[in-house]
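Heads up, this note's numbering is the position in the sequence shown plus 1, with the first residue counted as 1.
Structure first, then comments.
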Amino acid sequence: MNDKKEKTVLITGASKGIGRATAEKLVKKGYRVIGTCREPERLKEEDKVQGVLYKRLDLSDEESIKRLLSEIPTVDVLINNAGSSLMGPLEELSQDTIKKLFQINLFGHSIVMQGVLPGMRKQKKGLIINVTSFASRTPVPFSAVYASAKAAMETLSFALNSETRQFGVFVTAVAPVFVKTNIYQEKSCSKESDYYPYYKKVSDMRDAGINNGDSPDIIAKKIVKIMELKKPKMFYAVGRNSRFLHLASRLLPKDVVMKNIRRKFGIDK
Ligand SMILES: NC(=O)c1ccc[n+]([C@@H]2O[C@H](COP(=O)([O-])OP(=O)(O)OC[C@H]3O[C@@H](n4cnc5c(N)ncnc54)[C@H](OP(=O)(O)O)[C@@H]3O)[C@@H](O)[C@H]2O)c1
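Given below as structure tokens:
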């Protein structure tokens with residue numbers, strides 16, 4: 002997308018992590034940036050990116066989403082980045098916990114997309130970037146809900162892209178591997194659970210993966226690069242080993258991929 006000085010970008014989850022790093026790069030490049038978080042009034046000055054217009058958005062609250070949509074102008078680029086994670090054995094998760102995770106990572110974003118699409122189609126130009134996760138391709142045990150919400154977002158992006166590109170609106174999914182952020186992970190497994198020893202191992206390894214992950218700047222740089230393409234692809238795996246992982250996940254039978262994941266976590270049955 003060219004003429005960036007004229008472009009307005011809405012990025013959800015701009016208070017920290019990947020969203021903040023992306024907002025910073027976009028402001029430097031001259032985009033008009035609207036960034037969201039749940040409590041913009043409580044953002045410390047040092048955590049703000051100068052030049053970003055902060056707006057309140059809580060994806061778990063439909064009223065909050067509608068309010069945001071009523072307050073913003075037509076946007077040229079929407080980056081659905083906000084999200085949170087969940088680790089726990091499916092058997093033990095409440096329906097409320099599962100629905101909440103999907104609300105934040107999928108349903109809420111779908112309302113934001115519905116809100117910006119009429120304006121994008123009217124101006125016959127637009128880009129929606131959905132920040133998913135490589136977890137959708139290589140789901141680890143106890144991430145069933147998070148990984149499937151991200152997989153759903155990925156599939157939604159592919160189908161939506163085919164619905165809207167004839168109106169000049171492209172949709173792409175950006176799937177980071179591990180990124181060093183303080184992403185909120187709800188952890189749900191009691192020490193008494195039969196699953197606990199396996200869960201603990203996977204959860205610790207996953208935390209270590211995030212702690213040793215890529216800088217959010219790497220994902221931000223890729224997002225900005227995608228925004229400057231005329232015709233972005235539908236899917237980008239981003240981060241350390243992403244090329245190899247992407248290739249392996251496409252070429253190997255799913256049973257082999259999943260067996261390798263189980264081996265890695267010491268679940269070899
Ligand atoms: N970190 C990783 O290893 C990794 C890997 C793959 C994919 N991702 C994805 O990358 C995206 C960004 O994650 P991150 O690692 O940068 O995490 P982060 O640093 O925790 O940032 C998450 C952002 O989302 C916002 N947010 C959280 N819950 C929200 C809610 N209910 N409603 C609205 N906004 C909410 C947060 O804002 P407030 O808390 O200030 O409201 C924050 O700005 C997520 O979609 C995540 O799933 C991350």
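Backbone N, C-alpha and C fix where the C-beta goes; we use that ideal spot for every residue, glycine too.
Please read all numbers here as calculations on a predicted model, not as lab measurements.
Inset, instruction - May I ask you to check if the CB of Ser-134 is nearer than 7 Å to at least one heavy atom of ligand 3? - result: Only ligand 1 can be found as ligands here, which leaves ligand 3 out of the picture.
Legend entry - Three-state class that DSSP yields for Thr-9 in the structure shown: strand
Inset, instruction - Give a yes or no on whether the C-beta atoms belonging to Pro-41 and Arg-57 are separated by under 8 Å. - result: yes
Inset, instruction - Mind checking which residues open and close the alpha helix (DSSP H) that includes Gly-36? - result: Premise fails: Gly-36 lies in the beta strand (DSSP E), 33 to 38, not in any alpha helix (DSSP H).
Inset, instruction - Output the distance between the C-alpha atoms of Gly-295 and Ile-227, rounded to the nearest integer angstrom. - result: Residue 295 is absent from the structure shown; the chain starts at 2 and stops at 270.
Legend entry - Nearest-angstrom beta carbon gap, Val-178 and Gly-240 [assumed within contact, 8 Å]: 4 Å
Legend entry - Through-space distance from Asn-81 to Phe-143, alpha-carbon basis: 24 Å
Inset, instruction - Could you check if Gly-106 is buried or exposed, using at least 16 other CB atoms within 10 Å of its CB as the buried criterion? - result: Note that residue 106 is Asn in the sequence shown, not Gly. Asn-106 comes out buried.
Inset, instruction - Can you give me the Cβ contacts of Leu-27 inside the same chain, cut-off strictly under 7 Å, excluding the 5 residues immediately before and after it? - result: Val-10, Val-34, Val-225
Inset, instruction - Report the partner residues of Phe-171 according to the DSSP bridge assignment. - result: Leu-128
Legend entry - Where Pro-254 sits in the DSSP three-state scheme: coil
Inset, instruction - Give the DSSP-derived three-state secondary structure of Asp-208 in the structure shown. - result: helix
Legend entry - Endpoints, alpha helix (DSSP H) assigned at Met-121: 109 to 123
Inset, instruction - Give every residue of the same chain whose Cβ lies closer than 7 Å to the Cβ of Ser-137, excluding the five residues on either side of it in the sequence, and list them in chain order. - result: Ala-148, Lys-151, Ala-152, Glu-155, Ala-176
Legend entry - Reference Arg-264; option with closest CA among Val-141, Ile-211, Leu-54, Met-88: Val-141
Inset, instruction - Can you tell me which of the three DSSP states Ile-227 falls into? - result: helix
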